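Below: the structure, in structure tokens.
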Amino acid sequence: MSTATYELLAASDAVNVTVAFVLGLVVAGALIWAVRVGMRVMERESPRPRADEQPKLPDTGPVHEEREMREPDEVPRVTNGGARLMPYELHPASTRRGEDQKRRRWLPGSSGSFGGGGLPPGV
Numbered sequence: 002m003s004t005a006t007y008e009l010l011a012a013s014d015a016v017n018v019t020v021a022f023v024l025g026l027v028v029a030g031a032l033i034w035a036v037r038v039g040m041r042v043m044e045r046e047s048p049r050p051r052a053d054e055q056p057k058l059p060d061t062g063p064v065h066e067e068r069e070m071r072e073p074d075e076v077p078r079v080t081n082g083g084a085r086l087m088p089y090e091l092h093p094a095s096t097r098r099g100e101d102q103k104r105r106r107w108l109p110g111s112s113g114s115f116g117g118g119g120l121p122p123g124v
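Residue numbers for the sequence shown, in this note's numbering: 2 to 124.
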């Protein structure tokens, strides 16, 4: 390799280092600008709620979930010549509260799935 080639390589290394340094300064400046903009946005927001403004537990205590047995709420059939059902005549949910609220229990000797184990013992 000739001396001119070495000089070109040395010059390109200096240019690469200079470009990398300038790009680093640009990135650092962008980060500083982003932090300042974020601080200005936070100053314009409403203040955080104080401790006495936080939600409180009701006097009656915590609210618990409610368990109930549900059963299908079938759509009534329209007989021949009857008036068709309008959307406002339908119920808002596809299930309704069951009349029997007693939970089905597993019987010893059955398969373990409800309704899948054949006859219960003693029948």
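By construction, the Cβ of each residue, glycine as well, lies at the ideal position given by its N, Cα and C atoms.
Model, not experiment: these values are computed from the prediction.
| Under the three-state reduction of DSSP, which class applies to Arg98: helix, strand or coil? | Position 97 of the sequence shown, counting from 1, holds the residue named residue 98. In this structure, Arg98 counts as strand in the three-state DSSP scheme.
| Curious, which full-length beta strand (DSSP E) runs of at least 3 residues does the segment 35 to 104 contain? | As far as the segment 35 to 104 is concerned, its whole beta strand (DSSP E) runs of at least 3 residues are 71 to 73, 96 to 98.
| Looking at the structure shown, is Ser3 part of a helix, part of a strand, or coil, going by DSSP? | Counted from its first residue, the sequence shown places residue 3 at position 2. Coil at Ser3, not helix or strand.
| request: Compute the distance between the beta-carbons of Arg98 and Asp74, then report whether it is under 7 Å. | output: For the purposes of this step, residue 98 is identified with residue 97 of the sequence shown, where counting begins at 1. For the purposes of this step, residue 74 is identified with residue 73 of the sequence shown, where counting begins at 1. No, these two residues do not count as a Cβ contact at 7 Å.
| At least three beta-carbon pairs within less than 8 Å, the segment 67 to 83 to the segment 45 to 59 | no
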